[in-house]
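Counting from 552, one number per residue, gives the positions in the sequence shown under my numbering. I have placed the structure first, in the form of structure tokens, so that the comments after it can refer back to it.
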Amino acid sequence: MICSKCYTDNKQDATYCANCGIKLTKGNKMEDRKLEDNKKVENIFISHAEVDRDIVADFREMLKLILCQHPFEYKIFCSSEIGCIECGKDTNQEIHTNLSNCNNVFCILTKKSYNRPWVMYEIGYIKGKSSKKNLMPIAIGTDMNKVKGIDINKIKNGYPYSMFTRYKCDEEHLSSLMIQLLNNIIPNSCKGKEDTLKKLFAPHVKNFLEKIK
């Protein structure tokens, strides 16, 4: 079992970490993590177009499997997920509220969605709202240099993507992105543990990449 504080790989039946001594807690892989000793909720927003909802569902599952091993409570907002926005609620208002409350935003880009007005609006909103918000656009496609047939340079040089670092959808970039996310939430929490974490992330990342092929 992996320690959520120091990431030491303990025996499966261990109760306390052999390295730092904290009590080990099993994360729920399919539900948002809730810990009684940490009341702060880390809000994560996934910007996307409805047409990519299947890809986004697989990405969200990968993200939850990775985050469930770490010591913080989190909530992932994904507007296309059934039940994410309560029946009767104003959809636009709920999206704006969650954009305002989040510090980390993933933007899923495909040939069908990269130039959709709502996706571009959400990116512009994040840029204008606060420089402290972390936006991570992910270009998803079967070609390393293209987004499902779209030249990635169009995304790199075009507004609003030119304001941010863009990430290709491969194992190396996604693993690095997960480490960046964890360091954003808990500063320097992954320092010196990058290689170990990438090995832990690998099965989940590979599974996601296989699904979206």
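No residue lacks a Cβ here, since even glycine has one placed at the ideal position from N, Cα and C.
Asked: Beta-carbon contacts of leucine 686 that lie in its chain and below 6 Å, excluding the five residues immediately before and after; Found: Val656, Ile677, Phe715
Asked: Neighbour-count burial assignment, glutamate 587, 16 or more Cβ in a 10 Å radius; Found: Low confidence applies to glutamate 587: its pLDDT is 40, below 50, so where it sits in the model is not reliable, and the reading given next is rough at best. With fewer than 16 other Cβ atoms within 10 Å, it is exposed.
Asked: Top-ranked residue by Cα proximity to glutamine 731, from Ala565, Tyr672, Asn654; Found: Asn654
Asked: Assigned exposure category for cysteine 629 - 16 Cβ within 10 Å defines buried; Found: buried
Asked: Boundaries (first-last residue) of the alpha helix (DSSP H) holding tyrosine 762; Found: According to the sequence provided, residue 762 is lysine. The question's tyrosine does not apply to it. First-last of the alpha helix (DSSP H) with lysine 762: 745 to 763.
Asked: Assumed close pair isoleucine 627, isoleucine 674 - CB separation to whole angstroms, cut-off 8 Å; Found: Between isoleucine 674 and isoleucine 627 the Cβ distance is about 18 Å, and since that is not below 8 Å, they are no contact.
Asked: Serine 598: first and last residue of the uninterrupted beta strand (DSSP E) it sits in; Found: 592 to 598
Asked: Chain E contact for lysine 662 (CB, 8 Å cutoff); Found: In the structure shown, chain E does not exist; there is a single protein chain.
Asked: Limits of the beta strand (DSSP E) - the one that tyrosine 625 falls within; Found: 624 to 628
Asked: Identity of the residue in Leu614, Tyr672, Glu624 nearest alanine 600 by Cα; Found: Tyr672
Asked: Spatial distance of tyrosine 625 from lysine 684 (CA atoms); Found: 16 Å
Asked: Separation of tryptophan 669 from asparagine 739, as counted between CA atoms; Found: 33 Å
Asked: Opposing strand residues paired with methionine 613 [DSSP bridges]; Found: Partner(s): none; methionine 613 has no beta bridge.
Asked: Alanine 608, DSSP secondary structure in three states; Found: helix
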